[in-house]
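Residue numbers (the working numbering): 14 to 296.
Have a look at the structure below, then the notes.
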Ligand code: PDD
């Protein structure tokens, strides 16, 4: 089905959108992005997504082409112009078009592109297989950069190994998935790696940490070793496009006593309740 996208001030059918080949996004992967989930026509956690985008732009020195109100308006208009109510909005800003030169020009006009993808109809969440990989990425994984070659290679290798997602380790410590954050349950405690340059500060991750704060299931944000992951009772991955997904096998070996485990079942209910409250409160 054709969707309406946005490119540099214009709404148009996706297949008609064009960018020049000298766009630095195409030449260097010089750009950043966001993926914002929308339920029943309402963006979920819009403010944290827009703050992360502002941080990515700030960190890369790409000019923010819009103010927060204009970002919200663009997202709401894009939702209105498309026929779905459950979707994700993809935003991409590149440094813009310039003669090829690694040094970023001072006065580049950023390229702003946005599109939507419908979310497949909600069915029972299926547990997934994951494959472990070395994390060979850089030290600024906190920037949501469009240059995703290591993530693409890891995820592709995972799929080739019959898995759904890659789970990555740097110096024997868990980092994250190729396009998700990771939670484990070890000795009854829910843990996830702390914020650092080695992971993307996932909005779903942060939302889950917030939703569980002050409860008996409060999350510990601490380094997690490979040995702890390999013997964890439960593992989940989180992302804006799929919320919380339980992991059934790790490198072909079953995780704990089977997925979804009891902690996952409890936590996913709390997350869902938190989400519905927030959506109801958003206008
Ligand atoms: N990816 N880590 C990485 C490397 C990611 O690419 C993503 C999300 C996450 C989860 O972040 P969030 O909860 O904010 O979606 C963690 C998006 C969905 C993507 O690239 O399509």
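Cβ atoms here follow ideal geometry from the backbone N, Cα and C, with glycine treated the same way.
Just so you know, these numbers come straight off a predicted model, no measurement behind them.
Three-state secondary structure (DSSP) of residue i
i: residue 64; result: helix
i: residue 8; result: Nothing in the structure corresponds to residue 8, since the chain is present only between 14 and 296.
i: residue 254; result: coil
i: residue 130; result: strand
i: residue 146; result: strand
i: residue 292; result: helix
i: residue 153; result: coil
i: residue 41; result: helix
i: residue 21; result: coil
i: residue 203; result: strand
i: residue 138; result: coil
i: residue 182; result: strand
i: residue 55; result: strand
i: residue 268; result: coil
i: residue 73; result: helix
i: residue 162; result: helix
i: residue 50; result: strand
i: residue 273; result: coil
i: residue 169; result: helix
Same chain only: Cβ atoms within 8 Å of residue i, ignoring 5 sequence neighbours per side
i: residue 234; result: 204, 205, 206, 207, 208 and 222
i: residue 53; result: 98, 99 and 292
i: residue 27; result: 15, 16, 17, 18 and 128
i: residue 283; result: 224, 225, 228 and 230
i: residue 130; result: 16, 100, 101 and 103
i: residue 154; result: 188, 189, 210, 211, 212 and 213
i: residue 112; result: 35
Cutoff 7 Å; reference residue i; Cβ partners in own chain excluding five residues on either side
i: residue 85; result: 59
i: residue 175; result: 142
i: residue 260; result: 140, 141, 143, 248, 249, 250, 268 and 272
i: residue 108; result: 37, 43, 44, 75, 117, 121 and 123
i: residue 73; result: 45 and 156
i: residue 182; result: 145, 147, 148, 188 and 239
i: residue 264; result: 144 and 145
Cβ neighbours of residue i in the same chain (closer than 6 Å, five flanking residues each side left out)
i: residue 255; result: none
i: residue 6; result: Residue 6 cannot be examined here, being either before or after the span of the chain that is shown, 14 to 296.
i: residue 48; result: 101, 103 and 253
i: residue 225; result: 231 and 232
i: residue 247; result: 198, 269, 274, 276 and 277
i: residue 17; result: 24, 94 and 95
i: residue 78; result: 123 and 125
i: residue 281; result: 257
i: residue 110; result: 33, 35 and 36
i: residue 163; result: 149 and 150
i: residue 61; result: 216
i: residue 69; result: 45, 156 and 157
Best match in the options for proximity to residue i [C-alpha to C-alpha]
i: residue 192; options: 201, 16, 198 and 214; result: 214
i: residue 137; options: 181, 295 and 278; result: 278
i: residue 288; options: 245, 263 and 217; result: 217
i: residue 168; options: 178, 61 and 159; result: 178
i: residue 105; options: 227, 19, 280 and 181; result: 19
i: residue 236; options: 219, 228, 195 and 258; result: 195
i: residue 64; options: 131, 186 and 81; result: 81
i: residue 161; options: 244, 91, 46 and 201; result: 46
i: residue 147; options: 202, 39, 91 and 171; result: 171
i: residue 132; options: 180, 56, 50 and 202; result: 50
i: residue 245; options: 284, 201, 29 and 219; result: 201
i: residue 67; options: 119, 158, 89 and 113; result: 158
i: residue 290; options: 166, 220, 243 and 265; result: 220
i: residue 295; options: 55, 29 and 91; result: 55
i: residue 40; options: 114, 241 and 286; result: 114
Any non-hydrogen atom of the ligand SAM closer than 8 Å to residue i Cβ
i: residue 126; result: Of the ligands one can find in the structure shown, namely the ligand PDD, none is the ligand SAM.
Beta strand (DSSP E) runs wholly inside the stretch 75-117, at least 3 long, in chain order: 100-107
Neighbouring residues (CB closer than 6 Å to any heavy atom of the ligand PDD): 48, 164, 189, 192, 193, 194, 213, 215, 216, 217, 218, 251, 252, 253 and 254
In chain order, which alpha helix (DSSP H) runs of at least 4 residues are fully inside the stretch 189-248? 216-225 and 239-243
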